[in-house]
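Asks: Encoded as structure tokens, here's the structure I'll be asking about.
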Amino acid sequence: MGGTARRANAAATEGETGAGGGLTRRGLLGAGIAAGAAATAAGVFASRAPAATAGRAPAAPRAGDWTALARGLDGTLVRPGSRDYDTARTLFNPRFDGVRPAGIAYCARPEDVRSCLEFARRHQVPVAVRSGGHSYAGWSSGPGLIVDVQKMASVSLSGTGATIGAGAKLIDVYDRLTARGRTVPAGSCPTVGISGLALGGGVGVVSRAYGLTSDSITGARIVTADGRIRDVDARREPDLFWALRGGGNAQFGVVTELRLRTHAAPQCTTFFLSWPWSSAAAVVREWQRWAPTAPDEIWANLHLSAPVGGRPGSVRVGGLTLGTRGDIENRLDRLADAVGAPARSVSVRTRPYMDAMKVMGGVSGYTIAQSHQKGSLPGRTPQGRVARESYAARSDFYTRRIPADGVRALLARVEKLAALTGGGAGSVALDALGGAVGRVRPTDTAFVHRNALFLAQYIVSWPDSASATTVARHQAWLDGTHGAMRPWASGEAYQNYTDPKLRDWRRAYYGVNADRLARVRAAYDPGRLFRHPQSL
452 MGGTARRANA
462 AATEGETGAG
472 GGLTRRGLLG
482 AGIAAGAAAT
492 AAGVFASRAP
502 AATAGRAPAA
512 PRAGDWTALA
522 RGLDGTLVRP
532 GSRDYDTART
542 LFNPRFDGVR
552 PAGIAYCARP
562 EDVRSCLEFA
572 RRHQVPVAVR
582 SGGHSYAGWS
592 SGPGLIVDVQ
602 KMASVSLSGT
612 GATIGAGAKL
622 IDVYDRLTAR
632 GRTVPAGSCP
642 TVGISGLALG
652 GGVGVVSRAY
662 GLTSDSITGA
672 RIVTADGRIR
682 DVDARREPDL
692 FWALRGGGNA
702 QFGVVTELRL
712 RTHAAPQCTT
722 FFLSWPWSSA
732 AAVVREWQRW
742 APTAPDEIWA
752 NLHLSAPVGG
762 RPGSVRVGGL
772 TLGTRGDIEN
782 RLDRLADAVG
792 APARSVSVRT
802 RPYMDAMKVM
812 GGVSGYTIAQ
822 SHQKGSLPGR
832 TPQGRVARES
842 YAARSDFYTR
852 RIPADGVRAL
862 LARVEKLAAL
872 TGGGAGSVAL
882 DALGGAVGRV
892 RPTDTAFVHR
902 NALFLAQYIV
912 SWPDSASATT
922 VARHQAWLDG
932 THGAMRPWAS
942 GEAYQNYTDP
952 KLRDWRRAYY
962 GVNADRLARV
972 RAAYDPGRLF
982 RHPQSL
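Note that my numbering has the sequence shown beginning at 452, numbered continuously upward.
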């Protein structure tokens with residue numbers, strides 16, 4: 452789920468005001484560095500151009516070709532030299548600021564997307580697809596043409612079915628649906644785009660009750676590599692529909708609209724507890740026993756963190772329930788009894804669903820308009836206060852509880868942050884799964900990770916002024932933490948937390964579904980217009 456670190460801290464800190472600071476990903480993961488980004492981009496994006504077709508090689512686009520493309524769009528094409536270019540080209544993570552696209556097309560309708568894809572095929576221009584710009588690997592950018600869907604952001608409700616533009620931000624989806632008493636299960640980071648989340652599965656804070664975001668998809672509109680605008684569902688092009696529910700981003704085409712089944716948006720009770728670090732092993736042990744097998748209406752997160760150069764201060768558990776306050780209070784009492792030590796701080800509060808989503812997203816003190824990035828381009832607002840974040844992260848699904856020696860190894864990795872220098876912070880966040888997520892068979896949709904008890908995300912940040920050496924050492928901590936947990940992790944990883952360092956990423960992301968996904972991709976994009984280093 453985009454924004455796990457932000458949510459993990461929000462779920463541990465009742466006093467979150469949305470003003471940043473602490474260990475939210477907005478405050479924890481300060482600004483990043485651009486040093487070396489251009490060189491990195493050259494390697495990452497070198498293979499992004501569409502495969503050449505037989506016959507005469509196409510001519511590279513000239514200025515007039517770009518002008519013609521711009522004139523044919525209902526949306527906007529931003530090119531180098533434009534006033535908006537330096538904002539338009541950036542992703543959420545400043546690590547990738549060295550990438551300079553040839554153009555960013557803010558597409559207003561599916562026909563704009565079709566025009567962009569035709570342009571890319573004709574001129575052999577690499578294509579990247581961007582919804583919210585939160586790709587952990589930076590693959591929603593590149594040196595060619597960025598097909599951006601953020602202008603397609605409408606949210607409508609008819610009965611219990613929602614139709615949502617691919618670029619709608621989660622904060623806006625929640626706002627518009629909860630006004631009608633409905634919701635979709637989605638992530639917590641307010642500025643993530645709905646399609647980027649949903650196409651990779653979509654783990655969220657009500658997934659145990661309502662399933663993944665992708666489990667609620669009933670249909671989609673997609674522009675495929677051949678320029679066709681297709682409406683797909685369980686009856687129309689069912690293989691493509693299957694692939695879109697967990698098969699990952701920029702694999703099969705550009706989704707411009709999703710149709711989703713909605714669910715009730717009742718009041719929630721949020722809860723936040725913390726223990727001293729001396730109780731960390733017991734808290735991890737008991738959280739594993741409790742959270743993945745709790746009633747479906749309960750979701751819980753466990754957060755272990757420390758500042759670089761400092762000692763861990765506490766271990767924190769947070770979450771929410773769609774059930775009653777009395778029930779969760781009783782269950783939390785039993786959790787504390789099992790830990791064998793009282794929580795140092797406890798807060799339990801019933802609040803409207805929308806307020807709970809803002810708390811989990813780390814923006815409880817913000818208005819909806821403030822819960823965006825600042826600016827006038829699509830997806831931004833003039834009042835926006837959500838800052839960009841520089842970080843690196845890796846993930847694991849766990850299908851078994853981590854035993855005592857594994858817990859010791861995990862805690863030791865967090866404690867090793869004390870030996871680093873240069874600022875920033877590191878953390879481990881565990882998200883409970885089970886419930887509705889586990890009642891779907893692994894092959895029923897493209898999201899294969901149905902047997903997982905919980906999802907782990909390891910994350911590290913560094914400040915603006917960090918040297919390349921400091922960044923390398925921070926990332927070495929991240930890799931070391933991921934490596935240390937190999938004996939106990941399942942070997943599966945979350946495709947929405949794109950990890951360029953995974954060796955067997957096909958198996959890690961897609962498992963037994965990988966071959967079928969590759970066949971679907973070959974059928975809809977035989978020329979491999981959509982390419983990145985982990986394309987099927």
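Each residue gets a CB set at the ideal place from its N, CA and C atoms; glycine is no exception.
Which one of Y849, V911, V799, F692 has the shortest CA to CA distance from G651?
Replies: Counting from 1 along the sequence shown, the entry for residue 651 is found at position 200. The shortest Cα separation from G651 among Y849, V911, V799, F692 belongs to F692.
Asks: What ranges does the beta strand (DSSP E) occupy inside the region 737-797, keeping only unbroken runs of at least 3 residues that lie completely in it?
Replies: Counting only runs of 3 or more residues that sit fully inside the region 737-797, the beta strand (DSSP E) segments are 749-758, 765-772, in chain order.
Asks: Among G889, T921, R957, which one has its Cα closest to the Cα of S658?
Replies: Sequence index remark: in the sequence shown, residue 658 carries index 207 (1-based). Answer by Cα proximity: G889.
Asks: Would a C-beta distance cut-off of 8 Å place L906 and L884 closer than the cut-off?
Replies: Sequence index remark: in the sequence shown, residue 906 carries index 455 (1-based). Sequence index remark: in the sequence shown, residue 884 carries index 433 (1-based). With a cutoff of 8 Å on beta-carbon distance, L906 and L884 are scored as near each other.
Asks: With H, G and I counted as helix, E and B as strand and the rest as coil, what does DSSP make of D1043?
Replies: The chain is shown only over 452 to 987; residue 1043 falls outside these bounds and no answer can be derived.
Asks: So which of A619, R530, C640 has the shortest CA-CA distance to A838?
Replies: Along the sequence shown, read from residue 1 onward, the residue named residue 838 stands at position 387. Of the listed residues, the one whose Cα sits closest to A838 is C640.
Asks: Taking only the alpha-carbon atoms, compute the straight-line gap between S815 and M808 and give it to the nearest angstrom.
Replies: Here the question's residue 815 lines up with position 364 in the sequence shown. Here the question's residue 808 lines up with position 357 in the sequence shown. Distance between the alpha carbons of S815 and M808: 8 Å.
Asks: Pick helix, strand or coil for H585, following the three-state DSSP scheme.
Replies: As a position in the sequence shown, residue 585 is number 134, starting the count at 1. Note: H585 maps to coil in three-state DSSP.
Asks: Alpha helix (DSSP H) containing C719: first to last residue?
Replies: Here the question's residue 719 lines up with position 268 in the sequence shown. Taken as a continuous stretch (DSSP letters only), C719 belongs to no alpha helix (DSSP H), being part of the beta strand (DSSP E) at 719-727.
Asks: Compute the distance between the beta-carbons of S798 and W913, then report whether it is under 8 Å.
Replies: Sequence index remark: in the sequence shown, residue 798 carries index 347 (1-based). Sequence index remark: in the sequence shown, residue 913 carries index 462 (1-based). In this structure, W913 does not lie closer than 8 Å to S798 by Cβ.
Asks: Looking at C-alpha atoms only, which residue of A671, W928, G662 is the closest neighbour of L396?
Replies: Because the chain spans 452 through 987 in this model, residue 396 falls outside it and cannot be assessed.
Asks: Ordered along the chain, which non-local residues of its own chain (more than five positions away) have a Cβ less than 8 Å from that of E866?
Replies: Start at 1 with the first residue of the sequence shown, and residue 866 comes out as number 415. These residues qualify, in order along the chain: A757, R762, P763.
Asks: Cα separation between D966 and R958?
Replies: Within the sequence shown, residue 966 is the residue found at index 515, counting from 1. Within the sequence shown, residue 958 is the residue found at index 507, counting from 1. D966 and R958 have their alpha carbons spaced roughly 10 Å apart.
Asks: If L648 and A630 are in contact, beta carbons under 8 Å, what's the gap, nearest whole angstrom?
Replies: By one-based count along the sequence shown, residue 648 stands at place 197. By one-based count along the sequence shown, residue 630 stands at place 179. With 8 Å as the limit, L648 and A630 do not qualify as a contact, their Cβ atoms being about 21 Å apart.
Asks: State the CB to CB distance for the pair P727 and R681, rounded to an integer number of angstroms; the pair is presumed to be in contact (CB under 8 Å).
Replies: Walking along the sequence shown from the start, residue 727 turns up at place 276. Walking along the sequence shown from the start, residue 681 turns up at place 230. About 56 Å separates the two Cβ atoms, so there is no contact after all.
Asks: Can V635 and D623 be called in contact, C-beta distance under 8 Å?
Replies: Numbered from its first residue, the sequence shown carries residue 635 at position 184. Numbered from its first residue, the sequence shown carries residue 623 at position 172. Their beta carbons are not under 8 Å apart, which means V635 does not touch D623 by this criterion.
Asks: Can the beta-carbon of R557 be found closer than 8 Å to that of K602?
Replies: Along the sequence shown, read from residue 1 onward, the residue named residue 557 stands at position 106. Along the sequence shown, read from residue 1 onward, the residue named residue 602 stands at position 151. Rather than Arg, the amino acid found at residue 557 in this sequence is Tyr. Against a cut-off of 8 Å, the Cβ pair of K602 and Y557 comes out as a contact.
Asks: By Cβ distance, which residues of its chain are closer than 6 Å to V529, with the 5 residues on each side in sequence left out?
Replies: Within the sequence shown, numbered from 1, the residue matching residue 529 stands at position 78. If we look at V529 and ignore the five residues flanking it on each side, its Cβ neighbours are D535, Y536, A539, I555.
Asks: Determine the contact status of R560 and D525, defining contact as a CB-CB distance below 8 Å.
Replies: Within the sequence shown, numbered from 1, the residue matching residue 560 stands at position 109. Within the sequence shown, numbered from 1, the residue matching residue 525 stands at position 74. Yes, the pair counts as a contact, with Cβ atoms nearer than the cut-off.
Asks: Give the straight-line distance between the Cα atoms of P984 and G699, rounded to the nearest whole angstrom.
Replies: Reading the sequence shown from its first residue, position 533 is the one you call residue 984. Reading the sequence shown from its first residue, position 248 is the one you call residue 699. Cα to Cα, the separation comes out at about 13 Å.
Asks: Does the Cβ of D788 have 16 or more other Cβ atoms within 10 Å, making it buried, or fewer, making it exposed?
Replies: Position 337 of the sequence shown, counted from the start, is the residue given in the question as residue 788. With fewer than 16 other Cβ atoms within 10 Å, it is exposed.
Asks: Using beta-carbon positions only, say whether V766 and V734 come within less than 8 Å of one another.
Replies: Stepping through the sequence shown from its first residue, residue 766 is reached at position 315. Stepping through the sequence shown from its first residue, residue 734 is reached at position 283. Cβ distance < 8 Å, so V766 and V734 count as in contact.
Asks: Taking the alpha-carbon positions, what's the Y909 to G515 distance?
Replies: What you label residue 909 is simply residue 458 of the sequence shown in a count that begins at 1. What you label residue 515 is simply residue 64 of the sequence shown in a count that begins at 1. Roughly 46 Å separates the two Cα atoms.
Asks: Using DSSP with H/G/I as helix, E/B as strand and the rest coil, what is I853?
Replies: The residue you call residue 853 lines up with position 402 of the sequence shown. The answer is coil: DSSP assigns I853 none of H, G, I, E or B.
Asks: Quick test of your reading: G886 and H925, contact by CB under 8 Å. State the CB separation rounded to the nearest angstrom.
Replies: Looking up residue 886 in the sequence shown gives position 435. Looking up residue 925 in the sequence shown gives position 474. Wrong, their Cβ atoms sit about 34 Å apart, outside the cutoff.
Asks: My output table needs one value for A969: the three-state DSSP class, helix, strand or coil.
Replies: Taking the first residue of the sequence shown as position 1, residue 969 is located at position 518. Here A969 sits in helix by DSSP.
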